[in-house]
Every structure is written in C-alpha cells, then in structure tokens.
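Worksheet: the structure to be examined is printed underneath.
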Amino acid sequence: MSFKNINELIILNLQYVQMENKVEKEKSNMTTIAEFVLLGFSDIPNSQWILFGIFLVIYLTILMCNSIIILITRIDPVLQTAMYFFLNNLFFLEICYVTVTIPRMLMDLLTQKGNISLVACATQMCFVLMFGVSECLLLTAMAYDRYVAICNPLHYPVVMNHKVCVQLAIAAWVSTAPAVIGETYQIFSLPFCGSNTINHFFCDIPPILKLVCGETFLNEVTVCVVTVVYIIVPFLLIIISYGKIIANILKISSARGRAKAFSTCSSHLIVVVLFYGTATITYLQPKPHQSEGTGKVISLFYTVLIPTLNPIIYTLRNKDIMVALRKLLSYYDDAKT
Numbered sequence: 138m139s140f141k142n143i144n145e146l147i148i149l150n151l152q153y154v155q156m157e158n159k160v161e162k163e164k165s166n167m168t169t170i171a172e173f174v175l176l177g178f179s180d181i182p183n184s185q186w187i188l189f190g191i192f193l194v195i196y197l198t199i200l201m202c203n204s205i206i207i208l209i210t211r212i213d214p215v216l217q218t219a220m221y222f223f224l225n226n227l228f229f230l231e232i233c234y235v236t237v238t239i240p241r242m243l244m245d246l247l248t249q250k251g252n253i254s255l256v257a258c259a260t261q262m263c264f265v266l267m268f269g270v271s272e273c274l275l276l277t278a279m280a281y282d283r284y285v286a287i288c289n290p291l292h293y294p295v296v297m298n299h300k301v302c303v304q305l306a307i308a309a310w311v312s313t314a315p316a317v318i319g320e321t322y323q324i325f326s327l328p329f330c331g332s333n334t335i336n337h338f339f340c341d342i343p344p345i346l347k348l349v350c351g352e353t354f355l356n357e358v359t360v361c362v363v364t365v366v367y368i369i370v371p372f373l374l375i376i377i378s379y380g381k382i383i384a385n386i387l388k389i390s391s392a393r394g395r396a397k398a399f400s401t402c403s404s405h406l407i408v409v410v411l412f413y414g415t416a417t418i419t420y421l422q423p424k425p426h427q428s429e430g431t432g433k434v435i436s437l438f439y440t441v442l443i444p445t446l447n448p449i450i451y452t453l454r455n456k457d458i459m460v461a462l463r464k465l466l467s468y469y470d471d472a473k474t
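FYI, in my numbering the residues of the sequence shown are 138 to 474.
What follows is the structure, given as structure tokens:
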C-alpha cells in the first residue's frame, strides 16, 4: 500500500471519528423530557395573588353566567328554537373550554410551580384545540341558522328542524377530534432539546414548537393547513352567509324591520370577529415573528376575555333572554316569599 493511500485512510478515519463525536454530542444535547414547566405569569411575581383573585372571579363568573343562560334556554318555552339550541351548545362548550385552562393556571399561581407532565401537557393542548375548533364550527352553524331565518323565513321551521340542529351540533363537537388528536400526536412525537420551560400559561402549539429539536417546518405547515380548513374556511362561510343576510336586510322597506333583523345577528357577528381574529393571529403567524409576550396576551384574550364577554354580549342584546331572566328571578323571589 502506497504512502498516499495510507494518508487517505487516516484522513477518512479521522473524519469518521469526528462524525461519531458530532452525533454523540447531538444525542447528549437531546434530552428526554418527562415534564415541562409553565412559566405563566412568573415574570410579575409580586402580582401572583392579585392575578389569582382576578382569574378566580373571572372563572366563577363564566361558570355562573353560562350556566344561568343554559338553564334559561332549556326551561323557557319561548326559547325552544334552533338559535337558542346552538347558543346552549356554545355556552356549554365555553364552560369546557375555560375549564381546560383556567383551573390549571390558578393552581400554578397558588403553588408558584408550573410543573406539568408530558402527557398532561399533550392532553391539555389537545382539548384546548378541540374545543377551540369546535367553537369555530359551531359559530358557522349559527351563521347558517341566521341565514336561513332571514333569507328563507318561510322554510325555516323545515330546514332548521330539531334533527338538523342536532346533526350540526354533533358534527361541530366530533368532526374535529381526528385532526386535533393527529396534530397533537405529531407534535409530541418530536424530540425536545435542552430547556423544558414553556413561557406560557398553558400548553399551546407556538410555545411548544419552540422547544423542538431540529426543523419544525413540516409541523408549522400542518398547523397552517388545519387552521385553514377549520378556521379560515368556516370563517369564509360565515362571511358569505352574512353577505347574503345583509343584502336581504337592506331590501326590507321598514326601518324597524331592518333594525330588528340586524339586532338578531349583531351579537353573533361581534363574537365571530373577536374569536376568529385572535385565533387566526395566533395560529397563522409564523413562529419566528410571534413574541412570547404577544402570544400570551392574545391567548388570554381568546381563552379568558372572550368567554367572559360572550354571555354579556348575548344577554344585553337579546330581549328574549332578558325577559326569560326576569321571569326566572321573579319566580325565585316568589319562591323565597
């Protein structure tokens, strides 16, 4: 064997050793994470008890207000229509939605610890996504209900019969599960590097992806596809429905009739804009361009503030619910006396 061949063999061996060392180093940096740590609001430590009190009051308010509206829509004969059936589902959905995030946040504020197991984190993220996407589909069904009521009122009892309403509600609740479970499994099957700290108050996709080793482009594309299918497409259907609704309302000659028609849709439209706007910003914005502080504020908006505002929006702008609420209160007063 010539000196040149021996030299080449030595160089190849050195390159192989360097490659082995590099692989070992990458493996050592790649830790098997058994749990995460949710930082929550630890960046403002002096306000932990104040935040605990605020979020506890908000959570109890959401539970109480939504439960009262559900009770009213169930027992009042006037409210046994498709619109209130969907409203009933919406408020029950929001009770489930806030229960996935706020109690955990309250516990972390109380204990000053944010430790959460990998399985618990994946479960929380799965349910947050499932309930959030279900709300998108439920809001779309409610927009369709308003479209039929205003644009095709004579056929409304036939088109929006109880069977159709139940089918639409079941579809909103169930159809999201396969995509959400698949997305959650895909994300938590990835390797996580180094830090296990999540700068958030619950397990959400953007902060989790920041802890993943290697390239996450495919996962981000999947998130965008799921967002387009379950958020953007329903939102476009709502826009189309309201385009036709507004066109029909403008044809009404009576100003009082137009005002009444607008009032039946305005509450739903406000909720749609608030919910879809924040959800789209969160899940369609590229990961490098979304600051952790901004993500937290936006998440607070759609997980806490909107569920708090929804009962107020629907109650104050709905005469039927206000009348039913007065009936319930007067019945309660009579029972006490």
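Beta carbons are placed, not taken as given, at the ideal position from N, Cα and C, and that holds for glycine.
Where the alpha helix (DSSP H) through residue i begins and ends
i	result
I253	Premise fails: I253 lies in the beta strand (DSSP E), N252 to S254, not in any alpha helix (DSSP H).
K300	H299 to V311
Y196	Q185 to I212
L446	I443 to L453
V362	F354 to T364
P290	Unbroken run through P290: none, as it is neither H nor E.
Beta-bridge pairing of residue i - partner residues as DSSP gives them
i	result
T334	V174
F329	V349
Spatial neighbours of residue i in its chain, beta-carbon cut-off 8 Å, leaving aside the 5 residues before and after
i	result
K300	none
V265	Y234, V237, T238, F339, C340, D341 and T440
A394	Before going on, a small fix: residue 394 reads as Gly here, not Ala. Contacts found: none.
F189	L243, L246 and L247
Buried or exposed (CB count within 10 angstroms, at least 16 for buried), residue i
i	result
G319	exposed
P315	exposed
Q261	buried
T277	buried
M244	exposed
V160	Bear in mind that a pLDDT of 42 at V160, under 50, signals an unreliable position, so the model cannot answer this.
M267	buried
K250	exposed
N356	buried
F354	exposed
V256	exposed
S378	buried
V434	exposed
G380	exposed
S436	buried
N298	exposed
S467	exposed
A306	buried
T248	exposed
S390	exposed
M459	exposed
G269	buried
R463	exposed
E352	exposed
L224	buried
K164	Reliability of the predicted coordinates at K164 is poor, the pLDDT of 45 falling under 50, and the value obtained from them is presented with this limitation in mind. The residue in question, K164, is exposed, as its Cβ has fewer than 16 Cβ neighbours within 10 Å.
V553	What the structure shows of the chain is the stretch from 138 to 474, and residue 553 is not part of that stretch, so it cannot be assessed.
A384	exposed
N183	exposed
I368	buried
P425	Here the model assigns P425 a pLDDT of 48, short of 50, so the residue's position is not dependable, and the following value carries that caveat. Burial call: exposed.
I376	exposed
Chain B within 9 Å of residue i, Cβ atoms only
i	result
V265	Looking at the structure shown, chain B is missing, and only one protein chain is on hand.
Nonlocal neighbours in the same chain, by C-beta distance under 7 Å from residue i, ignoring five residues either side
i	result
P444	I199, E231, Y234 and V235
F399	I386
L465	I209
Q80	Limits of the chain in this structure are 138 at one end and 474 at the other, which puts residue 80 out of reach.
W310	S271
K162	Only weak support is given to the placement of K162: the predicted model assigns it a pLDDT of 47, under 50, and the value that follows is read from those uncertain coordinates. Hits under 7 Å: none found.
Proximal residues to residue i (C-beta, below 6 Å), its chain only, five neighbours per side dropped
i	result
Y413	F372
C202	P448
Y451	S404
L227	L275
G177	D245, G251 and F338
I335	F173, L175 and P344
Y196	I239
Where are the alpha helix (DSSP H) runs, 4 residues long or more, that stay fully inside the stretch 217–264, in chain order? Whole alpha helix (DSSP H) segments, 4+ residues: 219–248.
Taking only runs that begin and end inside the stretch 369–428, name each unbroken alpha helix (DSSP H) of 4 or more residues, in chain order. Along the stretch 369–428, the alpha helix (DSSP H) occurs as fully enclosed runs of 4 or more residues at 370–387 and 392–421, listed in sequence order.
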